[in-house]
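Everything in the sequence shown is counted per our numbering, starting at 32 for the first residue and increasing by one.
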Amino acid sequence: MISTATILSGISQGLLWAILTLGVYLTFRILDIADLTVEGTFPLGAAVTVVLINSGMSPGLAVLCAILAGALAGFVTGVLHTVFKIPAILSGILTMIALYSVNIRIMSDKATVALEQPSVKTWLTSVLPENTASSTVSIVLGCSVCLVIVAILYYFFGTEIGCAIRATGSNQNMARSLGVKTDRIITLGLMISNGLVALSGSLIAQLDYGSALVTMGQGTIVIGLASVIIGEVIFIRKDMNFALKLLAVIAGAVIYRTVIACALTFSFLKATDLKIITAVVVAFALALPVLQQKSAEAKLRRKNRRYENA
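Shown next, in the form of structure tokens:
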């Protein structure tokens, strides 16, 4: 039986993972790059945050440092791709591999570092009414952060630089002919994307995991792409404005995590089945437009037959 607590848990996780999904959306749809750096940037954000908070730094400043660390990782990928002309996907893989060692170093050669000092969750719990559920705390923070990010991105992508990023992703040669320095623009886009991914890792480490794990980035690109695809298939239309598209991507992440949370409540499914559940959900999301098109064509054929027989 699927309980309300399970649904709230899925929504709370979805809102935190939605920040990562926004980062993936920027590279995958805006820049047209499948950036695998996120698999290393996600645990990087968590590792930087947990280690700095444990050392006595304020949670807010630790989160900011995590974002900057993620942006730096995106910068490295951008340089490998634009300066040294290494293919984008390979550049991401190289940075991801390097970040594994970097994350281990940050965590003092440990695979897991527990959060031992007050975090953002501690502060938020003290502000909200007593006995507020943990999932509610995550939902409040996740909603707030997601809305702020959407507002910032909507404004930014309406500026000259933001339009240059979108133009570069749509047609790099045309953008270059219009005087856009596409190499710098691609690097900037990767920095913004990975900064968001690191922010997601930072918040999830504080509100969900309560620790940083060096392996917590495994499969993040799949989760991000699955959420983007679900959001696009269900909500996004060609004539939608950019802010609504971003909100649709967030909704996709929430739906994905909620479906996963609900699926794992069934007795015949185990936590180890997460990958196959993900594969089924993504396959269904990808197949849905094709099924809708075939259904529409079948209806049209039946309608034409009725006219012919009349």
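Idealized CB from N, CA, C, for every residue including glycine.
Asked: Through-space distance from F187 to F297, alpha-carbon basis; Found: 43 Å
Asked: Stretch-stretch touch, CB-based, cutoff 8 Å, three pairs: the segment 195–213 with the segment 71–91; Found: no
Asked: In chain order, each alpha helix (DSSP H) run of at least 4 residues that lies wholly inside the segment 34–119; Found: 35–56, 69–85 and 90–113
Asked: Own chain partners of A243 with C-beta closer than 6 Å, once the 5 adjacent residues on each side are dropped; Found: A77, A78, V81, V144 and A236
Asked: Beta carbon of V259 nearer than 9 Å to that of R60; Found: yes
Asked: DSSP three-state assignment for A145, whether helix, strand or coil; Found: strand
Asked: DSSP state of L244 mapped onto helix, strand, coil; Found: strand
Asked: Local conformation of P160 per DSSP, three classes; Found: coil
Asked: Beta-carbon proximity check, A284 vs I98, cutoff 9 Å; Found: no
Asked: Short Cβ contact (9 Å threshold) for A310 with I261; Found: no
Asked: Residue from L46, Q44, T68 and S43 with nearest C-alpha to S224; Found: T68
Asked: Nearest candidate by alpha-carbon position, reference L178, set T58, A274, I307 and P149; Found: A274
Asked: Distance between beta carbons of L221 and D66, contact taken as under 8 Å; Found: 6 Å
Asked: Y131: CB within 8 Å of a non-hydrogen atom of the ligand PLP; Found: Of the ligands one can find in the structure shown there are none, so the ligand PLP has no counterpart to examine.
Asked: Top-ranked residue by Cα proximity to A195, from N134, R207 and A102; Found: R207
Asked: Pairwise C-alpha distance: V133 and I217; Found: 24 Å
Asked: Rounded distance between the beta-carbons of K152 and V168, thought under 8 Å; Found: 6 Å
Asked: Three or more C-beta pairs below 8 Å linking the segment 157–164 and the segment 97–115; Found: no
Asked: K330 in three-state terms, based on DSSP; Found: helix
Asked: First and last residue of the uninterrupted alpha helix (DSSP H) at K276; Found: F273 to A294
Asked: Euclidean distance between Cα positions of I254 and Y338; Found: 47 Å
Asked: Closest residue to Q148 among K306, A104, L184 and L238 (Cα-Cα distance); Found: L238
Asked: Cα-Cα separation between A142 and D270, rounded to whole angstroms; Found: 46 Å
Asked: Neighbourhood of S231 by C-beta distance below 6 Å, restricted to the same chain and skipping five residues each side; Found: I50 and L51
Asked: Simplified DSSP state of M138, which is helix, strand or coil; Found: coil
Asked: G2 and D214 closer than 9 Å at C-beta; Found: Because residue 2 is not part of the residues shown, which for the chain are 32 to 341, the question remains open.
Asked: Status (buried if at least 16 other CB within 10 Å, exposed otherwise) for I265; Found: exposed
Asked: Per-residue DSSP class, three states only, for F315; Found: helix
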